[in-house]
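Notes to accompany the following structure.
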Amino acid sequence: MAQEQQLGATGDGLTQEFVKEWRDTAYGCFSSGHKFCREVCPVMQVTRNENHTPTAFHANIVAMEQGGLSVADVADDYIHCTQCGACELRCPNTLFTGDFYRNRTRTVEVVKAMRALAVESGVEQPQWKRWVELTDDRKSEPVLNGTPVTQEHVRDWAEGLDVPTGGETILFCDCEAAFYRTSVPRATAMILQAAGVSFGLMNEQWCCGGPMAEMGYTEPARRFAEHNLADWRAAGAKRIITLDPHDYIAFTEDYPGYFGDDFDLEVVHITELVAELIQQEKLKLSNPVPRVATYHDACRLNKRKGIYKSPRAILRAIPGLTFKDVDHVTQWSYCSGAGGGLKIERPEIAEEIGRRRIARAAELEVDTVVSACPWSERPLAERGGELDDPIEVRDLMELVADAAGLDYGGVPV
Ligand code: SF4
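Just add 39 to wherever you are in the sequence shown, counting from 1, and you've got the working numbering.
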């Protein structure tokens, strides 16, 4: 059957356009059929529901092309993804062709695109809709502890730290850290100051927009990106430092997609920069931190961006710390459950993913789980606190500041 005839069976123009764009990716999965991805998928590990597998996410598109399913039929399936990227790494199509052809199966993008199609088609999820409306209204995400989230308070975390506005290097502070985990940006800012790195804050920082794009709300996500880019340009920025992996993904993947070559700013994640500062001896870590810790690889750093060496190099440079590592490949299948909006729309599944992650850490007989992702730290800390022998969750920058003898204050987990 001609492709045009097949597409004719899929209903409206939006769906046809979507199927046309994603059919080759979908058939790449459908014709492979190995399903190795199922066992590393943190959602599938919990629900054991075939509709929640990366395989189903691609097979649905094949069925839509044949006119057998509609957007309304499949929208619920695509809620069940944290956009961790594990399935992409485990896919034989990536493994057999990735190194030579630089090919990677694109499940995360498929999920984002299907969610966007659902929103455009009027099939919305109530909690995501509410979350995006609140973000759009307040310009930062509505973090969940009752803290007022307003532009007026977006820089409160930096009180007393003497951080200027603007400059060539901007420190971007994510919404959870700005309003809830304030000890993380305070520790980060003090580390940069101690190492002699000049930086400033934005004049008016809005959410990066990444989570809205992940939930399928591309219009406000792009609008927020345009605002942030204009703010950076007005500040004379050339480099953006991120302390949250979700921001790093938004600035290195979404923003170049929106702005093309016009997006010419350097984006650096804090773990890469701090590892370099330690190696260059610009940052001295001499205070012992007597903990037995393991490291939680943030999905968006390890699986999505291949950043796994710098956090480990930092942990090994902290005096007094016993670091019990798990190799980063094993950690492909670990996730906190906090990403991709899953916790907002399906909190019970996200909590179980977090519980299993902490249980894996407990097997290593550690007292601390170290993360470099503020959004993972509150859910993991809640699960860690439920154990008979509680496990504390700390941010990597907090431990670095402890080792550097910096008194950062703020609100820890
Ligand atoms: S990105 Fe992660 S959560 Fe989503 S389907 Fe792949 S493995 Fe599962």
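Just so it is clear, CB atoms sit at the ideal spot from N, CA and C, and this is done for glycine as well.
- The region 356 to 368 makes no contact with the region 377 to 395: fewer than 3 CB pairs, one atom from each, lie closer than 8 Å.
- Counting other Cβ atoms within 10 Å of its Cβ, residue 203 stays below 16 and is therefore classed as exposed.
- DSSP places residue 146 within a helical segment (H, G or I) once states are collapsed to three.
- In this chain, the alpha helix (DSSP H) harbouring residue 287 covers 284 to 288.
- Residue ranges of uninterrupted beta strand (DSSP E) with 3 or more members, entirely inside the region 250 to 315 and ordered along the chain, are 278 to 281 and 305 to 308.
- For residue 356, the CB stays at least 7 Å from every heavy atom of the ligand SF4.
- The shortest C-alpha to C-alpha distance from residue 169 to any of 128, 212, 146 and 251 is the one to 251.
- Here residue 239 is bridged, per DSSP, to 209.
- Taken through DSSP and simplified to helix, strand or coil, residue 97 comes out as helix.
- Set against 7 Å, the gap from the CB of residue 370 to the closest heavy atom of the ligand SF4 is not smaller.
- Residue burial annotation: residue 404 is exposed, with fewer than 16 other C-beta atoms found within 10 angstroms of its C-beta.
- Here the distance from the Cβ of residue 81 to the nearest heavy atom of the ligand SF4 is below 7 Å.
- Comparing alpha-carbon positions, the option among 218, 166, 160 and 207 lying closest to residue 185 turns out to be 218.
- With a threshold of 16 other beta carbon atoms within 10 Å, residue 119 meets it and is buried.
- Spatial neighbours of residue 95 in its own chain (CB-CB distance under 8 Å, excluding positions within 5 residues in sequence) are listed in chain order as 89 and 116.
- In this chain, the alpha helix (DSSP H) harbouring residue 339 covers 338 to 344.
- Assignment of residue 192 by DSSP, reduced to helix, strand and coil, places it in the helix class.
- Straight-line measurement puts the Cα of residue 273 at about 43 Å from the Cα of residue 130.
- Inter-segment contact for the region 76 to 84 and the region 364 to 376 is present: three or more beta-carbon pairs are separated by less than 8 Å.
- Judged by DSSP in its simplified three-state form, residue 421 adopts helix.
- In the DSSP assignment, residue 63 falls within the alpha helix (DSSP H) that extends over 52 to 69.
- Contact between the region 190 to 210 and the region 265 to 279 is present, with at least three C-beta pairs closer than 8 Å.
- Taking a 10 Å sphere around the C-beta of residue 329, we find fewer than 16 other C-beta atoms and assign the residue as exposed.
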